[in-house]
Amino acid sequence: MTTKTSKGLPQGSRGPGPVRSFSPFLAPAEKEQLHFLFKVGDGAPPSFADALRDLARQYIDDGASLKLRAICLLVADLVEQGWRVTVNDGNILFEPPGITRSGSQTVDDVKARVRIALQTARQRQLREPSVVSFIRKMEKRTVRSSGHKSSVLDLIDDGMALSKALSEINEEEDDKRQAALAELIDPVIEICEAGNCCPYTGLKLIDIWRYFRHTWAHEYRPIPGRQLLILIRNAARPRYPIIGIAMLASPVMRVNVRDRWIGWLREETKLRLESGSFDPQKLALSLLSQLEQSLAAIRWDDLVRAEEIAEPSEATVLRLEQKAAGAAYAREMELRSHFDARKDQGEPISPLRGAVKSYASDADWLALSNDLLFIRKRAEVLAQLLFARQMFRAARLDEEPALALEQLLAGRSGQRAIDIVLTECRKAGLSSRIADVSVCGAVAPYNELLGGKLVALLLASEEVRCAYKRRYSNQVSVIASQMAGRPISKPADLRILTTTSLYGIGSSQYNRLSVQAKSNSQLKTDVSWKPIGSSLTGGYGTLHLGTDTANALRSMAQSRHFSRRINNRFGEGTSPRLRQMREGLDALGLDSDTILHHATPRLFYACELGSEARKALLGLSNATARGEPAAAIADAWRQRWLSPRSRRAETLSKLQELGPHSVQASLHPDDVSDLLAFADGR
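In full-length UniProt numbering, the protein residues as written are 1 to 682.
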C-alpha cells in the first residue's frame with residue numbers, strides 16, 4: 001500500500017489491468033479517518049490486509065462506521081488478490097493483476113500467481129471454526145455405521161503403493177500392459193444422494209465430497225440452483241478410493257461466448273443464415289414454435305383478454321408494460337415496509353422470501369402466481385412475447401420465411417422481436433438441457449496420473465446423463481410454475497456441458513481433451529471437450545471478494561435503499577451474490593464494474609452430448625443423445641493418458657510423496673500447496 005499525492009502510480013508499479021479510481025461518499029472528517037487507517041495499515045500486503053481486517057472489526061454496521069468498515073474489508077480482499085492499491089489526493093486507485101506476463105514470466109508463473117491469490121481466501125476459510133470442526137470430524141478415526149473404526153483418510157489411495165504397482169506393470173509386455181492397468185484403475189461413478197453413506201467408512205457421500213472440495217485451490221461456496229455432486233472412485237483398489245470429484249450445476253444465464261457458439265445471439269443467427277448453415281424455413285418454424293410454447297407457459301387470464309392474446313395490439317403491449325411497472329413499484333414498497341418493521345423491532349433484516357422456499361409439488365401455484373414479483377414478471381414477459389407475435393405476423397414469417405427473416409433482421413423492431421424469441425430459446429435450453437461443470441478434478445495421488453482428464457470425460461458418460469435425468473426430470477420448477485399458475489416439470493435431457501478455465505491462460509485439464517472412436521474399439525462416438533472462445537477483456541464475478549466483505553456491502557445497499565432488494569428467492573434474478581455486491585459498491589460511490597470486473601480473462605470449453613446438440617437447442621434438430629458407457633471412456637483414457645504417463649520416472653517418483661498425509665497437510669491453513677495441478681478447469 002502506497003500513500004502519495006502526485007498523479008499516477010509510483011514508478012515501477014505499472015502492471016497488467018487498467019487503473020480504476022474510487023472516491024467514496026465520505027464527509028471530510030470521514031475521509032481523514034480513512035487516510036489515517038491506510039497509514040496505520042501501510043506495509044507488505046499480508047500484514048496490511050490483516051491490519052485492515054483488525055480495524056474493520058472495530059466498526060459497527062451503522063452510518064459512517066459502516067462505510068469505513070466496508071472499505072477496509074474491500075481493500076483488504078483486493079490487496080490479498082494481488083491488486084495494487086494507492087491513495088491519490090483523496091481518491092483510491094485500484095489496479096487488478098490480470099494475467100498479462102511480464103519480463104521472463106511463463107504461463108506457469110502466471111498460473112502460480114493466480115493460484116496463490118485464490119489460496120488466500122481458501123486459507124481464511126480453513127481457519128473458520130465450523131470448517132475446522134468439519135475437517136476434524138471427517139478425519140477422526142471412530143466407529144461409524146459401517147461397524148468399525150474409519151476415517152475419510154481411508155478413502156485416499158496410497159501413492160507409494162500405486163507407484164510400486166505401476167512400476168511392476170511397466171515390466172509387462174505391451175499386449176498385457178493395458179489389461180494390467182485396467183486391473184489397477186477401474187473408475188466407477190457414484191452420485192451423492194442425500195442421506196446415502198459410503199459402505200466402507202459409514203460417512204455421508206455428500207460430506208466426503210465436501211471434504212475433498214476443500215482441497216481445491218479456491219474456497220468452497222455453496223451455489224443456488226441445480227447441483228449434482230459426483231464422486232469418481234477406483235473399484236480396483238481396497239475401499240474404492242476417491243479418484244476425483246465433480247459437480248454439475250445450473251448454468252449462468254448470460255455468457256456471450258457460449259450463446260454465440262450455440263447460435264442464441266441475433267448477430268450469429270444472421271451470419272449462419274447468410275452462410276447457409278441455417279435453413280430459413282426451419283429457423284422460422286423454430287422461432288414460431290418457441291414463441292407459442294412460451295406464450296402457453298404464462299398465466300395471462302388476469303392480465304389480458306383471450307382476443308388480445310390472439311390479436312395483440314400496441315395498446316395491449318403498453319398496458320402490460322404499465323402493469324409490470326406498477327407491480328415493481330408495489331413490491332419495492334413491500335420490501336421497504338418489511339425493512340422498516342424489522343428495524344423498528346431491532347431485528348436483523350432477514351430476506352423477504354415467497355411462500356415457496358424449495359421444490360414443492362403440492363403448492364397452490366395459481367395463488368403463488370399472484371405474488372407481486374411474479375405479476376411483474378408475467379406482465380413483462382407477456383408484453384415482450386405479444387410484441388414479437390405482432391412483428392412476426394406483420395412480416396408474414398409463417399408464409400414467406402426467407403423474405404420475412406431478411407426484413408426482420410434489417411429493422412430495429414424486427415431485431416427486437418428476434419432477440420425476444422432467441423432469449424426464450426436460451427431460457428428453455430439453460431433450464432434443462434445444459435449444465436455447467438462448476439467443480440471437476442482429481443485428488444491426490446490420482447492428480448499426478450491426469451485423473452482430472454478422466455473425471456472431465458466421464459461427465460459426458462451415459463451414466464451421468466441418466467443420473468441427471470433421474471434427479472431432475474420429474475422435479476417441479478418453482479419459477480416456471482409460478483409463471484404458469486400451474487405445476488410445470490421440465491425435461492432433463494442434457495445435451496451440452498460447459499465450463500471455464502480457472503486461471504484464464506490455458507487449461508492443462510481441458511486442453512486437447514478428446515477420445516476418438518476410430519482409435520478406441522469400445523467407443524461408438526467421439527467424446528471431446530473443445531475450446532469455444534475466450535473473454536479477452538476479463539470476467540465479472542465475486543470470487544476475489546470474501547464473505548465478510550459481501551455482508552458489509554449488503555448492509556451498505558440496505559442502508560441506501562431502505563430495503564433488502566435481493567432476498568435469494570426463486571424468480572428474483574440470477575447471481576444474487578453478484579447483485580448484492582454490485583448494489584453495495586454502488587452505495588459506496590464506486591462504479592461496481594471497476595471492482596467486479598476482475599481483469600482475469602476466462603477460457604470457455606464445451607462438450608456436446610450426441611450429434612447436432614447445438615441445433616437441438618435452437619429447435620433445428622430432433623437428433624437424440626446417448627452418451628458413451630463409462631467403462632469405454634475409462635478404457636480410452638487409460639490408453640491415451642494413463643499408459644504413457646505411468647511410464648515416466650518423474651511421475652512414479654512424485655506418486656510416492658502423495659497419499660492421505662499429503663491431502664491432510666493441504667488442509668492445514670499454513671500449507672498453500674495446490675493438489676489440483678492438472679485440474680485447473682474449475
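We put the CB at the ideal spot given by N, CA and C, even for glycine.
Since this is a predicted model, take the numbers as computed values, not measurements.
Q: Quick one: grab the DSSP three-state call for Ala-444.
A: Walking along the sequence shown from the start, residue 444 turns up at place 444. Note: Ala-444 maps to coil in three-state DSSP.
**Q.** Cβ neighbours of Gln-522 in the same chain (closer than 6 Å, five flanking residues each side left out)
**A.** Within the sequence shown, residue 522 is the residue found at index 522, counting from 1. Short of 6 Å from the beta carbon of Gln-522, and not among the five residues preceding or following it, lie these beta carbons of its own chain, in chain order: Ala-632, Asp-635.
Q: Return the bridge partner residues of Met-247 from the DSSP annotation.
A: Here residue 247 is taken as the residue at index 247 of the sequence shown, counted from 1. Residue pairing from DSSP places Met-247 in a beta bridge opposite Leu-229, Val-439.
Q: Apply the 10 Å Cβ neighbour rule to Asn-234 and answer buried if 16 or more other Cβ atoms are within range, or exposed otherwise.
A: Here residue 234 is taken as the residue at index 234 of the sequence shown, counted from 1. So Asn-234 ends up on the buried side.
Q) Would the beta-carbon of Pro-280 fall within 7 Å of that of Leu-184? A) Position 280 of the sequence shown, counting from 1, holds the residue named residue 280. Position 184 of the sequence shown, counting from 1, holds the residue named residue 184. For Pro-280 and Leu-184, no; Cβs fall outside 7 Å.
**Q.** Cut-off 6 Å between Cβ atoms - residues of its own chain near Thr-500, not counting five sequence neighbours on either side
**A.** By 1-based counting over the sequence shown, the position of residue 500 is 500. So the qualifying residues of the chain are Arg-602, Phe-604.
Q. Hey, which unbroken runs of the beta strand (DSSP E) at 3 residues or more fall wholly within the stretch 240-297?
A. Within the stretch 240-297, the beta strand (DSSP E) runs of at least 3 residues that lie entirely inside it are, in chain order, 242-249.
Q) Around the C-beta of Thr-142, are 16 or more other C-beta atoms found within 10 angstroms, so that it is buried, or is it exposed? A) Taking the sequence shown and counting its residues from 1, the one referred to as residue 142 is at position 142. It is exposed - the Cβ of Thr-142 has fewer than 16 other Cβ atoms within 10 Å.
Q | Nearest-angstrom Cβ-Cβ length linking Leu-617 and Cys-425, presumed shorter than 8 Å | A | Residue 617 sits at position 617 when you count from the first residue of the sequence shown. Residue 425 sits at position 425 when you count from the first residue of the sequence shown. At roughly 7 Å, the Cβ-Cβ gap stays under 8 Å, so Leu-617 and Cys-425 are in contact.
Q. Is it true that the stretch 424-439 meets the stretch 259-272, where meeting means three or more beta-carbon pairs spaced less than 8 Å apart?
A. Enough Cβ pairs lie closer than 8 Å, so yes.
**Q.** DSSP bridge partner residues for Tyr-605 (one or two, in chain order)
**A.** Along the sequence shown, read from residue 1 onward, the residue named residue 605 stands at position 605. Note: Tyr-605 is bridge-paired with Thr-499, Pro-531 in the DSSP secondary-structure output.
Q: Excluding the 5 residues preceding and the 5 following Trp-641 in the sequence, name in chain order all residues of the same chain whose CB lies nearer than 7 Å to its CB.
A: Taking the first residue of the sequence shown as 1, we reach residue 641 at position 641. Sequence-distant partners of Trp-641 (beyond 5 residues in either direction) whose C-beta falls short of 7 Å from its own C-beta, in its chain, are Leu-450, Lys-453.
Q | Candidates Asn-520, Arg-614, Ala-613, Leu-545: closest to Trp-637 by CA position | A | Numbered from 1 along the sequence shown, position 637 holds the residue referred to as residue 637. Considering only alpha carbons, the answer is Asn-520.
(Q) Can you check which of these residues, Val-476, Pro-28, Ser-133, Leu-545, is closest to Asp-207 by C-alpha distance? (A) Locating residue 207 in the sequence shown gives position 207, counting from the first residue. Checked all of Val-476, Pro-28, Ser-133, Leu-545; the closest Cα to Asp-207 is Ser-133.
Q: Compute the Euclidean distance between the alpha carbons of Arg-20 and Ala-649, then round it to the nearest angstrom.
A: Looking up residue 20 in the sequence shown gives position 20. Looking up residue 649 in the sequence shown gives position 649. Take the alpha-carbon of Arg-20 and the one of Ala-649: they are about 48 Å apart.
Q.
As a quick exercise: from Arg-389, Tyr-211, Glu-171, pick the residue whose alpha carbon is nearest that of Glu-311.
A. Taking the sequence shown and counting its residues from 1, the one referred to as residue 311 is at position 311. Closest by C-alpha distance to Glu-311, out of Arg-389, Tyr-211, Glu-171, is Arg-389.
Q: Rank Glu-314, Leu-382, Arg-305 by C-alpha distance to the C-alpha of Gln-293 and give the top, closest one.
A: Indexing the sequence shown from 1 puts residue 293 at position 293. Among Glu-314, Leu-382, Arg-305, the Cα nearest to that of Gln-293 belongs to Leu-382.
Q.
Give me, in chain order, the residues of the same chain whose beta-carbon lies closer than 6 Å to that of Glu-572; leave out the 5 immediate sequence neighbours on both sides.
A. Position 572 of the sequence shown, counted from the start, is the residue given in the question as residue 572. Legend: pLDDT at Glu-572 = 45, less than 50; position of this residue unreliable, no value from coordinates given.
**Q.** Beta-bridge partners of Arg-20, as assigned by DSSP
**A.** Taking the sequence shown and counting its residues from 1, one reaches residue 20 at position 20. In DSSP, Arg-20 forms a bridge with Phe-94.
**Q.** Burial state of Tyr-446, where buried means 16 or more other Cβ atoms lie within 10 Å
**A.** Here residue 446 corresponds to residue number 446 of the sequence shown, with the count starting at 1. In summary, Tyr-446 is buried, with 16 or more beta-carbon neighbours lying within 10 Å of its beta-carbon over all protein chains present.
Q: Identify every residue that forms a DSSP beta bridge with Ser-461.
A: Along the sequence shown, one-based indexing puts residue 461 at 461. Beta bridge pairing from DSSP links Ser-461 with Glu-628.
Q.
Can you tell me where the alpha helix (DSSP H) holding residue 691 begins and where it ends?
A. Past the boundaries of the shown model lies residue 691; the chain is included only from 1 to 682, so the question cannot be answered.
Q: Just mark Thr-624 as buried or exposed, buried being the case when its beta carbon has 16 or more other beta carbons within 10 Å.
A: Within the sequence shown, residue 624 is the residue found at index 624, counting from 1. Exposed, by the Cβ-count rule.
Q | First and last residue of the uninterrupted beta strand (DSSP E) at Thr-86 | A | Looking up residue 86 in the sequence shown gives position 86. According to the DSSP assignment, Thr-86 belongs to the beta strand (DSSP E) that extends over 84-88.
**Q.** C-alpha distance - residue 724 paired with Ala-402, whole-angstrom precision
**A.** It is not possible to answer for residue 724, since the shown part of the chain is limited to 1 through 682.
**Q.** DSSP bridge partner residues for Asn-234 (one or two, in chain order)
**A.** As a first step, residue 234 must be located in the sequence shown, where it is residue number 234. Paired residues: Pro-187.
Q: Whole angstroms is fine: what's the gap from Arg-177's alpha carbon to Leu-273's?
A: Position 177 of the sequence shown, counted from the start, is the residue given in the question as residue 177. Position 273 of the sequence shown, counted from the start, is the residue given in the question as residue 273. Their backbone Cα atoms lie some 51 Å apart in a straight line.
Q: Specify the secondary structure class of Cys-198 as computed by DSSP and reduced to three states.
A: Numbered from its first residue, the sequence shown carries residue 198 at position 198. Cys-198 falls in the coil class under three-state DSSP.
Q. Whose C-alpha, out of Glu-268, Ser-369, Lys-270, Pro-251, is nearest the C-alpha of Leu-303?
A. Numbered from 1 along the sequence shown, position 303 holds the residue referred to as residue 303. In terms of Cα proximity to Leu-303, the closest of Glu-268, Ser-369, Lys-270, Pro-251 is Ser-369.
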